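For my numbering, count along the sequence shown from 1 and bump the result up by 55. Here a beta-carbon is modelled for each residue, glycine too, at the ideal position from N, C-alpha and C. None of the values given here were measured: they were computed from a predicted structure.
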Amino acid sequence: MKGTLVLVHTVRDSPVGQLTLVALDGVLAGLYMDLQRHRPPAETFGDPDPTPFTEVTRQLDEYFAGQRTAFELPTNLVGTPFQRTVWAALQEIPYGETRSYGQIAERIGRRGAARAVGLANGRNRIGIIVPCHRVVGATGDLTGYGGGLERKQQLLDFERRRPGSAHADVPAGPPKSQSGCSRA
């Protein structure tokens, strides 16, 4: 039927816990971690169907195996023009590196809009793929992640340990502070 949107999901295990992948009309629209802050109710994810997630799953498997540093997937990122600009800037942060909210604001030509960047970062529904875990506070402190600061640190440590990453020799560190990625 024309005009009907098809929403489906699948659940898969990963090194950071279970991931729920959500697709709208066959295009990735959400990636949620178990116990994630601001996770939408499961009944909003549509029917279970792994069919549209073959490529997403393959690329996630490569990422977690240390064989992929960037994702090449169509996504359904719904947001304001500002949010979409921020999300595009997140995808430019090199694997294994971090940027501050202020650096992202400056990168998109909105110097002084670090808080607005943080809010947009918190509205990202496709964490890991759109790497909001790579954004930190001005002093380098971990300042928020919908999946929890321990998972954010786990993802950053994972990327930094990969041979060839910019920080492969940097020791892992514990989360320093809490504040947002992936709020519904």
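State the CB to CB distance for the pair residue i and residue j, rounded to an integer number of angstroms; the pair is presumed to be in contact (CB under 8 Å).
{"i": "P149", "j": "F119", "result": "About 18 Å; that fails the 8 Å criterion."}
{"i": "R217", "j": "G151", "result": "6 Å"}
{"i": "G134", "j": "R178", "result": "6 Å"}
{"i": "A169", "j": "G157", "result": "4 Å"}
Shortest alpha-carbon distance to residue i belongs to which of the options?
{"i": "F108", "options": "T130, V190, L90", "result": "T130"}
{"i": "D80", "options": "Q209, P186, G101", "result": "G101"}
{"i": "E98", "options": "F126, L128, G167, T75", "result": "T75"}
{"i": "L60", "options": "L210, V82, P136", "result": "V82"}
{"i": "Q91", "options": "G72, E214, Q114, D104", "result": "G72"}
{"i": "D116", "options": "G201, I184, R154", "result": "I184"}
{"i": "G195", "options": "D89, P103, T153", "result": "T153"}
{"i": "G202", "options": "R113, G167, H188, A168", "result": "H188"}
{"i": "E127", "options": "R215, A193, P186, D212", "result": "P186"}
{"i": "P103", "options": "Q146, V111, E110, V63", "result": "V63"}
In chain order, what residues of the same chain lie with their CB nearer than 6 Å to the CB of residue i, ignoring the 5 residues before and after it?
{"i": "R94", "result": "Y87"}
{"i": "G85", "result": "V77, R180"}
{"i": "G121", "result": "R217"}
{"i": "I159", "result": "A144, V172"}
What do you reckon, are the CB atoms on residue i and residue j nearer than 7 Å?
{"i": "V190", "j": "V141", "result": "no"}
{"i": "R162", "j": "A144", "result": "yes"}
{"i": "P96", "j": "T65", "result": "no"}
{"i": "A125", "j": "S155", "result": "no"}
Identify every residue that forms a DSSP beta bridge with residue i.
{"i": "V190", "result": "R154"}
{"i": "L211", "result": "According to DSSP, which records beta bridges pairwise, L211 is partnered with nothing at all."}
{"i": "H64", "result": "V77, P103"}
Which residues in the same chain have their Cβ closer than 8 Å to the Cβ of residue i, if we skip the five residues on either side of it in sequence?
{"i": "R139", "result": "L132"}
{"i": "R113", "result": "none"}
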